[in-house]
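Novice:
Residue numbers (the working numbering): 26 to 210.
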């Protein structure tokens, strides 16, 4: 850590005089990480390396993209029920018992995945969220104990609409009795 003005000054200002993160929540998260690593017999990363990795996983990773895509649907109130826990231990992205829809989301570009991966996404409806799977939810007590019923919907980013072969992907989805639905991220 070098002091001074310019390139490194932003990084320096993130730390207090004792070399810890100036942000108490960030420092607490780092200390919890260090404890976990030591408990598992691993060597923890230094603060800067840990923070860069944390930022990647929280902001730039495919998981973060998927979380943002899912959270947008929840914020928009697209469906009456979201993030529904099932008796089989799985969690369904959204469910609409009124229109009869079982919804899963994947924030992916279809041109960036293999056919095998795409087919795996489609087959998840039968393996994880099949019709008849019982809902186990404290969050939605009115649904607790009722079975999933409805058609399968896979929501993907609207950016996939411009693909020249989007009809190819729709055709494969039909093989799995799944409808594709596209939404902006």
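Yeah, the Cβ is synthetic: ideal placement off N, Cα and C, and Gly gets one too.
Would you list the one or two residues that DSSP bridges to residue 121?
Specialist: Answer is 126.
Novice: Could you tell me whether the stretch 94-101 touches the stretch 142-151, using the rule of 3 or more Cβ pairs below 8 Å?
Specialist: Output reads no: the stretch 142-151 does not touch the stretch 94-101.
Novice: Under the three-state reduction of DSSP, which class applies to residue 172: helix, strand or coil?
Specialist: It is a strand residue.
Novice: Under three-state DSSP, which class holds residue 177?
Specialist: In this structure, residue 177 counts as strand in the three-state DSSP scheme.
Novice: May I ask you to report which of helix, strand or coil DSSP gives residue 193?
Specialist: Correct three-state label for residue 193: helix.
Novice: Please report the Cβ distance between residue 136 and residue 188, rounded to the nearest whole angstrom; I am assuming they are in contact, meaning their Cβ atoms lie under 8 Å.
Specialist: With a Cβ gap of about 6 Å, residue 136 and residue 188 count as contacting.
Novice: Using the Cα positions of residue 163 and residue 79, report the straight-line distance between them to the nearest angstrom.
Specialist: Rounded to the nearest angstrom, the two C-alpha atoms are 31 Å apart.
Novice: So, with DSSP's three-state summary, where would you put residue 87?
Specialist: Three-state DSSP puts residue 87 in a helix.
Novice: According to DSSP, is residue 209 part of a helix, a strand, or is it coil?
Specialist: Note: residue 209 maps to coil in three-state DSSP.
Novice: Can you give me the Cβ contacts of residue 59 inside the same chain, cut-off strictly under 6 Å, excluding the 5 residues immediately before and after it?
Specialist: So the list reads 69, once near-sequence residues are dropped.
Novice: Please state whether DSSP places residue 152 in a helix, a strand or coil.
Specialist: Of the three classes helix, strand and coil, the one that applies to residue 152 here is helix, per DSSP.
Novice: Whose C-alpha, out of 196, 125, 50 and 77, is nearest the C-alpha of residue 157?
Specialist: Residue 157 has its Cα closest to that of 125, out of 196, 125, 50 and 77.
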